[in-house]
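To keep things clear, I will list the structure first and then write my remarks on it.
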Amino acid sequence: MSWGTELWDQFDNLEKHTQWGIDILEKYIKFVKERTEIELSYAKQLRNLSKKYQPKKNSKEEEEYRYTACKAFLSTLNEMNDYAGQHEVISENMTSQITVELARYVQELKQERKSHFHDGRKAQQHIETCWKQLESSKRRFERDCKEADRAQQYFEKMDADINVTKADVEKARQQAQIRHQMAEDSKADYSSILQKFNHEQREYYYSHIPTIFQKIQEMEERRIVRMGESMKTYAEADRQVVPIIGKCLDGIVKAAESIDQKNDSQLVIEAYKSGFEPPGDIEFEDYTQPMKRTISENSLSNSRGEGKAELKFGGKSKGKLWPFIKKNKPPPPPPASASPSAVPNGPQSPKQQKEPLSHRFNEFMTSKPKIHCFRSLKRGGAAPEDFSNLPPEQRRKKLQQKVDELNKDIQKEMDQRDAITKMKDVYLKNPQMGDPASLDHKLTEVSQNIEKLRLEAQKFEAWLAEVEGRLPARSEQARRQSGMYDGQTAPPVNNCAQDRESSPDGSYTEEQSQESEVKVLATDFDDEFDDEEPLPAIGTCKALYTFDGQNEGTISVVEGETLYVIEEDKGDGWTRIRRSEDEEGYVPTSYVEVYLDKNAKGAKTYI
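Numbering follows this note's numbering, in which position 403 of the sequence shown is assigned residue number 1659; successive positions increment by one, without gaps.
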């Protein structure tokens, strides 16, 4: 089966067919190209979808992804991101292995087709030229033969006419001979050209055209094979990513199977557990006995046994004075000093009339527990640094989180210090690479940062240990001092809660269990008794300028004077210093140069 023998006379149809084959191939290339665009668009949309539902950093959504269901959803989003990547791989493979290759092949195919049909047209033109020569020699032979016949007839006529001279007869005879010779020459030429044409025609139909058509047939068959191979590649491009896509889907299934409803329920407990005990039974209020009525108005529930304290709610006090006074920092920020008359043994103002007990109970059940310690009050109501405004369990979690963050920061700074140290060693061995002294400032700065972070971590670890019960909640001295303000009949814990039930502005700010009240109050008492427990020195400082402390809580210093640092700057621009046992106060941080003692106990004070 050969186009050269079977289709020897279908040159034009073969030309149209091969052009159609190239058009089909280009159409397939366009199809694959559009498929790759769809894959890219699909992958892009999948990535955007996955990104859209990813949790935002430093947001509430990020905290929600602690739950296993949310983690599974996050894993699904990540797997979908990988799934989108596989569709991008499909697009890349189809583009490189099909679209680009076929586009180059089409250009080569067009050049080859053009060359083959150029040879075919050349052979056609040659045979047509030979045919024209044959027709021309044939017409010339025919014309010469007719001329020779006419010349012969004219000679015979002249020779038969008696009136014609002999010369005219001889002339007619010579002319007839010439015409006969020309006819013989044309005949010979026609015969020669005919033989040549027949040879060329045989070569054309049995050699040239079959050869050219065979090449065209092979070209067309290669095109068909190449198109089939491209279709296989098209399928393989999909099949290659099927295992990875299967793994992505398996990952989604595995994430779904990892969902643990019990664990999520436990996380809810950890997230919202306050650590408080439910309120006890409400004691019956017998209004027939005025004495008992008075007692019930003063507390929600009395002690049920000796040494056991119950949660109680005191009434609002408008003019109650806080019994603990601490030296206040001068502005800025403005000092939040308590009333000068608020002394430890000062009398308390009369209580206002109590609200109904049912209203108190409803308020307790619906409101969130709050603890506003002296520290937060002194700072103007901001959230305290030790998270003492949170319930015990939540406070422990926050402190643990803060400790972990500080440890990570310390590790990061230590890694940076090690890197700088190594670089300095390299500079020492190879001075041409850099000056080792140029790294001293950076090394000192990093070391100071590490020391600050360690002190900060120690502070939060101490608070965490206190919350977890590893440290005593309150000292004996603080317990004795707090006992000065206890009532004569109520247990010490109840009186402690009573002293804290009203803020300086008269608003009710605290609803806590006895355990939380004791711990938080003890911590605040330890911080607030400046006169009884002097803060330890955490370093020294040198006065850079003279400062005339005229405001309450400040201390005057002279340029060049050396003093003890007992409290670092907390971000408000003031540092607390001590000159002697009884002379201490605040100075602007910019007026002194501080040298912290990293080995001192209690390197930082907490306010």
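Ideal Cβ positions, reconstructed from N, Cα and C, are used throughout, including at glycine.
Remember, it's a predicted structure, so these values are computed and weren't measured experimentally.
Item	Value
Coarse secondary structure for Thr-1261, derived from DSSP in three states	helix
Residue range of the unbroken beta strand (DSSP E) whose run includes Ile-1833	1830-1836
At least 3 beta-carbon pairs within less than 8 Å: the region 1355-1366 vs the region 1451-1468	no
Residues near Ser-1731 by beta carbon distance below 6 Å, same chain, minus five either side	Any reading at Ser-1731 must be qualified, since the residue scores a pLDDT of 38, below 50, and its modelled position is unreliable; the value itself is stated next. There are no such residues.
Given Ser-1530 as reference, the closest of Gln-1363, Asn-1645, Arg-1495 once Cα atoms are compared	Asn-1645
C-alpha distance - Gly-1827 paired with Ile-1811, whole-angstrom precision	19 Å
Where the alpha helix (DSSP H) through Val-1481 begins and ends	1465-1513
Delimiting residues of the alpha helix (DSSP H) encompassing Lys-1654	1648-1685
Same chain only: Cβ atoms within 8 Å of Gln-1656, ignoring 5 sequence neighbours per side	Leu-1720
Within 9 Å, strictly: CB atoms of Trp-1264 and Phe-1469	yes
Contact under 9 Å by Cβ, Leu-1852 with Arg-1834	no
Inter-stretch contact (C-beta, 8 Å, three-pair minimum) for the region 1499-1512 and the region 1299-1308	no
8 Å CB neighbourhood of Glu-1456 in its chain, flanking five on each side removed	His-1382, Ile-1383, Cys-1386
Inter-residue spacing [alpha-carbon to alpha-carbon] between Asp-1424 and Tyr-1410	11 Å
Residues bridged to Tyr-1842 [DSSP beta-bridge criterion]	Thr-1810, Arg-1832
Pick from Arg-1479, Tyr-1801, Arg-1673 that is closest to Arg-1369, judged by C-alpha positions	Arg-1479
Residues near Glu-1335 by beta carbon distance below 6 Å, same chain, minus five either side	Cys-1504, Gly-1507, Ile-1508
Three-state class that DSSP yields for Gln-1688 in the structure shown	helix
Rounded Cβ spacing between Gly-1805 and Val-1843 (contact assumed at less than 8 Å)	7 Å
Where Tyr-1820 falls: helix, strand or coil (DSSP)	strand
Three-state secondary structure assigned by DSSP to Lys-1798	strand
Proximal residues to Lys-1402 (C-beta, below 6 Å), its chain only, five neighbours per side dropped	none
Val-1850: first and last residue of the uninterrupted beta strand (DSSP E) it sits in	1848-1852
Same chain, Cβ closer than 7 Å to Thr-1467, five either side skipped, listed in chain order	Gly-1260
Segment limits, alpha helix (DSSP H) that includes Val-1288	1267-1308
Closest residue to Glu-1661 among Gln-1714, Glu-1649, Ile-1676 (Cα-Cα distance)	Gln-1714
Contact check, His-1372 vs Lys-1272, beta carbons under 9 Å	no
Exposed unless 16 or more other CB atoms sit within 10 angstroms - verdict on Leu-1684	exposed
Rounded C-alpha distance that separates Asn-1314 from Lys-1308	16 Å
Distance, Lys-1366 Cα to Ala-1439 Cα	52 Å
Reference Arg-1291, options Ala-1428, Tyr-1339, Tyr-1490, closest by Cα	Tyr-1490
Per DSSP, the bridge partner or partners of Phe-1803	Val-1813
Cα-Cα separation between Gln-1437 and Leu-1270, rounded to whole angstroms	49 Å
Identity of the residue in Ser-1836, Trp-1830, Phe-1397 nearest Val-1850 by Cα	Trp-1830
Opening and closing residue of the alpha helix (DSSP H) in which Phe-1373 lies	1356-1416
Top-ranked residue by Cα proximity to Asp-1825, from Ala-1793, Asp-1838, Thr-1845	Thr-1845
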